[in-house]
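S.K.:
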Amino acid sequence: MTGPLHGVRVIELVGQGPGPYGAMILADLGADVIAVERPEVAARVQRTRLATNPMMRGKRSIALDLKSAGDIATLLELTDRADVFVDPFRPGVCERLGIGPDEVCRRNERMIYGRMTGWGQEGPLAHTAGHDIDYISLSGALHLIGSAGQPPTPPINLLGDFAGGGLVLAMGVASALVERFTSGKGQVIDAAMVDGAAMILGPFFSASTSGFWGERGTNHIDGGAHFYNVYETADHKWISVGAIEPQFYAELIDRLGVAQDALLSADK
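Residue numbers (this note's numbering): 223 to 490.
1) Excluding the 5 residues flanking Tyr-243 on each side, which residues of the same chain have their C-beta closer than 6 Å to its C-beta?
2) Excluding the 5 residues flanking Gly-368 on each side, which residues of the same chain have their C-beta closer than 7 Å to its C-beta?
3) Buried or exposed: Lys-490, going by 16 or more other Cβ atoms within 10 Å of its Cβ?
4) Just to confirm the assignment: which complete beta strand (DSSP E) runs, minimum length 3, are found wholly within the stretch 379–444?
5) For the beta strand (DSSP E) containing Ala-257, name the first residue and the last one.
6) What are the boundary residues of the alpha helix (DSSP H) that includes Asp-354?
7) Counting C-beta neighbours from all protein chains within 10 Å, is the total for Pro-182 16 or more, i.e. buried, or is it exposed?
8) Is the separation between the beta-carbon of Glu-331 and that of Gly-408 shorter than 8 Å?
9) Return the residue from the list Tyr-335, Glu-259, Trp-341 that minimises the CA-CA distance to Ala-396.
10) Just how far apart, CA to CA, sit Thr-455 and Ser-462?
11) Is the beta carbon of Leu-391 closer than 8 Å to that of Ile-411?
12) Can you name, in chain order, every residue of its own chain whose Cβ lies under 7 Å from the Cβ of Gly-446, other than the five neighbours on each side?
13) Could you compute how far the alpha carbon of Gly-342 sits from the alpha carbon of Ala-414?
14) Do you know how far the Cα of Gly-418 is from the Cα of Ala-285?
15) So, is Phe-470 buried or exposed, given that buried needs 16 or more other C-beta atoms within 10 angstroms?
16) Where Val-326 and Val-258 are concerned, what is the direct C-alpha to C-alpha distance, given to the nearest angstrom?
17) Within its chain, find whatever has a CB closer than 6 Å to the CB of Glu-473; leave out the 5 residues flanking it on each side and keep chain order.
18) Rounded to whole angstroms, what is the Cα-Cα separation between Ala-249 and Lys-281?
19) On a Cα-Cα basis, can you pick out the residue from Leu-288, Ile-422, Arg-231, Val-308 that is closest to Arg-318?
20) Apart from the five residues on each side of it in sequence, which residues of its chain come closer than 6 Å, Cβ to Cβ, to Pro-261?
21) Look at the Cβ atom of Gly-241, then the Cβ atom of Val-308, and state whether they are nearer than 8 Å.
22) Cα separation between Asp-356 and Ser-405?
23) Considering only DSSP beta bridges, list what Asn-451 is partnered with.
24) With 16 as the cutoff for other CB atoms within 10 Å, does Asn-379 come out buried or exposed?
25) Taking DSSP's pairing of strands, which residues face Glu-344 in a bridge?
26) Considering only DSSP beta bridges, list what Arg-231 is partnered with.
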């Protein structure tokens with residue numbers, strides 16, 4: 223069975239985390255993704271890449287030296303016949319290589335040029351290095367995660383790199399493909415992890431300004447309630463409990479075989 227992006231060709235310059243993840247989503251949706259890797263990287267990992275890196279699933283690959291004029295010419299020929307280009311580098315890198323959006327989109331006006339960075343293409347932080355923890359910190363997401371009265375807890379890089387980065391990039395590319403049916407032209411997608419993380423926080427910003435969200439670790443769904451938390455079991459593993467609704471809470475009490483008053487006292 224073909225996916226909804228069957229017939230769409232993507233040229234992905236392989237970078238870290240969010241770029242490959244966004245391209246993986248496009249491949250999962252049926253796109254023909256060609257991952258462009260550095261020759262030294264391709265030679266070292268080609269045999270084990272598909273087995274060890276799920277973000278290469280559904281992709282083809284080619285080794286090109288982006289410092290070689292001949293390989294840059296080959297890359298541009300590939301983009302001439304493609305629909306999407308994924309740039310995972312800091313602002314200005316692709317321009318210096320001669321494969322920036324002005325050149326690529328001049329040659330192929332239907333090209334959707336996706337750019338994946340931490341801080342975006344413009345602004346005071348655009349050329350600053352960073353990692354997931356930096357992007358979710360500035361967006362405000364990190365402030366929400368952790369226990370009451372304790373420092374914020376750095377999560378794994380799901381929120382910035384993957385949800386706020388790669389997923390948002392894929393959503394932007396897919397939206398641009400739909401828009402192209404109307405305009406007949408491509409566009410540049412500027413996906414920044416700090417922006418994506420802030421977008422995901424929208425409901426929490428609204429809840430906070432409306433007075434429905436308190437300090438970190440004091441709310442129903444952030445570890446501030448005994449009926450929505452994790453607990454260690456007798457065999458030293460962990461169990462999650464999510465019994466917010468009255469009917470599920472009543473069933474929890476019944477199956478635990480304890481009185482509701484006892485649970486409330488323990489929670490306090």
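For each residue, glycine too, the CB sits at the ideal point set by N, CA and C.
M.R.: Taking the definition as stated:
1) Residue 243 sits at position 21 when you count from the first residue of the sequence shown. Answer for Tyr-243: Met-277, Phe-384, Gly-388, listed in chain order.
2) Mapped onto the sequence shown, residue 368 falls at position 146. In chain order, Pro-374, Thr-375, Arg-438, Gly-439 place their CB closer than 7 Å to the CB of Gly-368, counting only its own chain and leaving out the 5 sequence neighbours on each side.
3) Reading the sequence shown from its first residue, position 268 is the one you call residue 490. Low confidence applies to Lys-490: its pLDDT is 48, below 50, so where it sits in the model is not reliable enough to give any reading.
4) Runs of the beta strand (DSSP E) inside the stretch 379–444: 410–414.
5) As a position in the sequence shown, residue 257 is number 35, starting the count at 1. Where Ala-257 is concerned, the enclosing beta strand (DSSP E) stretches over 254–259.
6) For the purposes of this step, residue 354 is taken as the residue at position 132 of the sequence shown. Note, Asp-354: alpha helix (DSSP H), 354–361.
7) Only positions 223 to 490 of the chain appear in this structure, which leaves residue 182 out of reach.
8) Looking up residue 331 in the sequence shown gives position 109. Looking up residue 408 in the sequence shown gives position 186. In this structure, Gly-408 lies closer than 8 Å to Glu-331 by Cβ.
9) Within the sequence shown, the letter at position 174 stands for residue 396. It is Tyr-335.
10) As a position in the sequence shown, residue 455 is number 233, starting the count at 1. As a position in the sequence shown, residue 462 is number 240, starting the count at 1. A direct Cα-to-Cα measurement between Thr-455 and Ser-462 gives close to 10 Å.
11) Translated into the one-based positions of the sequence shown, residue 411 becomes position 189. Translated into the one-based positions of the sequence shown, residue 391 becomes position 169. One thing to note: Ile-411 has its Cβ within 8 Å of the Cβ of Leu-391.
12) By one-based count along the sequence shown, residue 446 stands at place 224. Within its own chain, the residues whose Cβ lies closer than 7 Å to the Cβ of Gly-446, once the five positions on either side in sequence are excluded, are Ala-370, Gly-439, Thr-440, listed in chain order.
13) By one-based count along the sequence shown, residue 342 stands at place 120. By one-based count along the sequence shown, residue 414 stands at place 192. Rounded to the nearest angstrom, the two C-alpha atoms are 5 Å apart.
14) Counting from 1 along the sequence shown, the entry for residue 285 is found at position 63. Counting from 1 along the sequence shown, the entry for residue 418 is found at position 196. In a straight line, the C-alpha of Ala-285 is about 31 Å away from that of Gly-418.
15) Your numbering for residue 470 matches position 248 in the sequence shown. It is exposed - the Cβ of Phe-470 has fewer than 16 other Cβ atoms within 10 Å.
16) Position 104 of the sequence shown holds residue 326. Position 36 of the sequence shown holds residue 258. Cα to Cα, the separation comes out at about 15 Å.
17) Residue 473 sits at position 251 when you count from the first residue of the sequence shown. Non-local C-beta neighbours of Glu-473 in its own chain, meaning closer than 6 Å and more than five positions away in sequence, are absent.
18) Position 27 of the sequence shown, counted from the first residue, corresponds to residue 249. Position 59 of the sequence shown, counted from the first residue, corresponds to residue 281. Spanning the two alpha carbons is a distance of roughly 7 Å.
19) As a first step, residue 318 must be located in the sequence shown, where it is residue number 96. It is Leu-288 whose Cα lies nearest to the Cα of Arg-318.
20) Indexing the sequence shown from 1 puts residue 261 at position 39. Counting only Cβ-Cβ distances below 6 Å, and skipping sequence neighbours, we find Ala-285, Asp-287.
21) One-based indexing of the sequence shown puts residue 241 at position 19. One-based indexing of the sequence shown puts residue 308 at position 86. Taking 8 Å as the cut-off, the Cβ atoms of Gly-241 and Val-308 count as close.
22) Your numbering for residue 356 matches position 134 in the sequence shown. Your numbering for residue 405 matches position 183 in the sequence shown. The straight-line gap from Cα to Cα measures roughly 37 Å.
23) Walking along the sequence shown from the start, residue 451 turns up at place 229. Answer is Val-463, bridged to Asn-451.
24) As a position in the sequence shown, residue 379 is number 157, starting the count at 1. Residue environment for Asn-379: buried (at least 16 other C-beta atoms within 10 angstroms of its C-beta).
25) Here the question's residue 344 lines up with position 122 in the sequence shown. None, per the DSSP bridge assignment.
26) Looking up residue 231 in the sequence shown gives position 9. Note: Arg-231 is bridge-paired with Asp-254 in the DSSP secondary-structure output.
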